[in-house]
Amino acid sequence: MAGKPRLHYFNGRGRMESIRWLLAAAGIEFEEQFIETPEDLDKLRNDGSLMFQQVPMVEIDGMKLVQSRAILNYIATKYNLYGRDIKERALIDMYTEGMADLTEMIMHLPLCPPGEKDAKISLIKEKTTNRYLLAFEKVLKSHGQDYLVGNRLSKADILLVELLYSVEELDPSLLAKFPLLKGLRTRISNLPTVKKFLQPGSARKPPLDEKSLAEAKKIFRLP
Numbered sequence: 001m002a003g004k005p006r007l008h009y010f011n012g013r014g015r016m017e018s019i020r021w022l023l024a025a026a027g028i029e030f031e032e033q034f035i036e037t038p039e040d041l042d043k044l045r046n047d048g049s050l051m052f053q054q055v056p057m058v059e060i061d062g063m064k065l066v067q068s069r070a071i072l073n074y075i076a077t078k079y080n081l082y083g084r085d086i087k088e089r090a091l092i093d094m095y096t097e098g099m100a101d102l103t104e105m106i107m108h109l110p111l112c113p114p115g116e117k118d119a120k121i122s123l124i125k126e127k128t129t130n131r132y133l134l135a136f137e138k139v140l141k142s143h144g145q146d147y148l149v150g151n152r153l154s155k156a157d158i159l160l161v162e163l164l165y166s167v168e169e170l171d172p173s174l175l176a177k178f179p180l181l182k183g184l185r186t187r188i189s190n191l192p193t194v195k196k197f198l199q200p201g202s203a204r205k206p207p208l209d210e211k212s213l214a215e216a217k218k219i220f221r222l223p
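Counting in the UniProt record's numbering, the sequence shown runs from 1 upward without gaps.
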């Protein structure tokens, strides 16, 4: 019997958080090997575990997978969260790529120089409501179904709900005009596997604060 997937990353959200969400939603238990020092990262690089010298890295099914989107696609395929056919998969990919654009903006916000932060937040809020959330609200409205693609749970639903929680952390009012998205968030959040992941004490990570940002910068040797 194969062991649990093992996740290699620092003890924070970053690019591993979506992987945690997807595994948790699929009901898959996993282990985490936290990178705590620059030397821990060097060891992974030196022993050949990181194909492109970067994390996240996930050990699963005898492989050491890197590149977060490749990891997500593997998990989604393995656990039947990737649509029924090639057309559904194309939609799922299109939606998740759009989500990734907004996720990147939010993820990099803590790295923004203090003097530029307010302007950056304003830009993110504007794009969140007028581009991204508007687009996904229209998708749900267009077919009237409970999920984004094929009326069944997919990685697109899970990753969108993860993103909606991040949006609410930025500004809870941003979701006010999107009732269908709020409904999706509620439905996904009430799935037993996701509900468990949202409870205190789970593997879900908190927002990046000054302390954890400083630790991440030290690990990755960032200025």
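Backbone N, C-alpha and C fix where the C-beta goes; we use that ideal spot for every residue, glycine too.
Buried or exposed for M99, please, with buried defined as at least 16 other CB atoms from any protein chain shown within 10 angstroms of its CB.
Within the sequence shown, numbered from 1, the residue matching residue 99 stands at position 99. Label assigned to M99: buried.
Anyone know if the C-beta pair for residue 227 and L164 falls short of 8 Å?
There is simply no residue 227 to check, as the chain begins at 1 and stops at 223 in what is shown.
On the DSSP bridge assignment, give the partners of H8 in chain order.
The residue you call residue 8 lines up with position 8 of the sequence shown. For H8, which the question treats as bridged, DSSP gives the partners Q33, M57.
Could you give the residue range of the beta strand (DSSP E) that holds M63?
The residue you call residue 63 lines up with position 63 of the sequence shown. Counting along the chain, the beta strand (DSSP E) containing M63 begins and ends at 63–66.
Cβ separation of V161 and E88, assumed to be a contact under 8 Å, to the nearest whole Å:
Position 161 of the sequence shown, counted from the first residue, corresponds to residue 161. Position 88 of the sequence shown, counted from the first residue, corresponds to residue 88. Incorrect: roughly 18 Å between the Cβ atoms, too far for contact.
Which residues in the same chain have their Cβ closer than 8 Å to the Cβ of P38, if we skip the five residues on either side of it in sequence?
Sequence index remark: in the sequence shown, residue 38 carries index 38 (1-based). K218, I219, F220, R221, listed in sequence order.
Return the CA-CA distance between F178 and E137, expressed in angstroms with no decimal places.
On the sequence shown, residue 178 is found 178 positions in, with the first residue counted as 1. On the sequence shown, residue 137 is found 137 positions in, with the first residue counted as 1. The straight-line gap from Cα to Cα measures roughly 6 Å.
Minimum length 4: unbroken alpha helix (DSSP H) runs contained in the UniProt domain "GST C-terminal" (85–208)
86–108, 114–127, 133–143, 155–170, 179–189, 192–197
Applying the 10 Å Cβ sphere with the 16-neighbour rule, what's the burial state of I86?
Against the sequence shown, residue 86 aligns to sequence position 86. So I86 counts as exposed.
Sufficient close CB pairs (3 or more, under 8 Å) joining the region 123–132 to the region 64–82:
no
Write down the C-beta distance between A216 and G12 rounded to the nearest angstrom, noting that I regard them as a contact closer than 8 Å.
On the sequence shown, position 216 is the one that residue 216 refers to. On the sequence shown, position 12 is the one that residue 12 refers to. That pair is a contact at about 6 Å.
Ignore the nearest five residues each way along the sequence and tell me which others in R20's own chain have a CB closer than 6 Å to its CB.
For this step, residue 20 is matched to residue 20 along the sequence shown. Once the five neighbours on either side are set aside, the close Cβ partners of R20 are A203.
For chain C, find out if any of its Cβ atoms is closer than 8 Å to the Cβ of R131; answer yes or no.
The structure shown contains no chain C; it holds only a single protein chain.
For R20, name the three-state secondary structure that DSSP assigns.
Walking along the sequence shown from the start, residue 20 turns up at place 20. Three-state result, R20: helix.
Best match in R185, G3, F10, L133 for proximity to K211 [C-alpha to C-alpha]:
Taking the first residue of the sequence shown as 1, we reach residue 211 at position 211. Out of R185, G3, F10, L133, F10 has the C-alpha closest to the C-alpha of K211.
Just to check my reading of the structure: K155 and L81 have Cβ atoms closer than 8 Å, yes? What is that Cβ distance to the nearest angstrom?
Here the question's residue 155 lines up with position 155 in the sequence shown. Here the question's residue 81 lines up with position 81 in the sequence shown. Between L81 and K155 the Cβ distance is about 5 Å, and since that is below 8 Å, they are a contact.
Cut-off 6 Å between Cβ atoms - residues of its own chain near E29, not counting five sequence neighbours on either side
As a first step, residue 29 is located in the sequence shown; it is residue number 29 there, counting from the start. If we look at E29 and ignore the five residues flanking it on each side, its Cβ neighbours are K4.
Expressed to the nearest angstrom, what Euclidean distance is found between the alpha-carbon atoms of D40 and R15?
The sequence position of residue 40 within the sequence shown is 40, counting from 1. The sequence position of residue 15 within the sequence shown is 15, counting from 1. Between D40 and R15, the C-alpha separation is close to 18 Å.
Terminal residues of the continuous alpha helix (DSSP H) containing L44?
As a working mapping, residue 44 is identified with position 44 in the sequence shown. Where L44 is concerned, the enclosing alpha helix (DSSP H) stretches over 38–46.
Within the same chain, show all residues whose beta-carbon is closer than 8 Å to that of T186, passing over the 5 residues directly before and after it, in chain order.
Residue mapping note: residue 186 aligns to position 186 of the sequence shown, counting from 1. Answer for T186: no residue qualifies.
Do L213 and P56 have their C-beta atoms within less than 8 Å of each other?
Position 213 of the sequence shown, counted from the first residue, corresponds to residue 213. Position 56 of the sequence shown, counted from the first residue, corresponds to residue 56. Contact flag unset, no.
Taking Cβ to Cβ, would you say F197 is nearer than 8 Å to A24?
Numbered from its first residue, the sequence shown carries residue 197 at position 197. Numbered from its first residue, the sequence shown carries residue 24 at position 24. Cβ distance < 8 Å, so F197 and A24 count as in contact.
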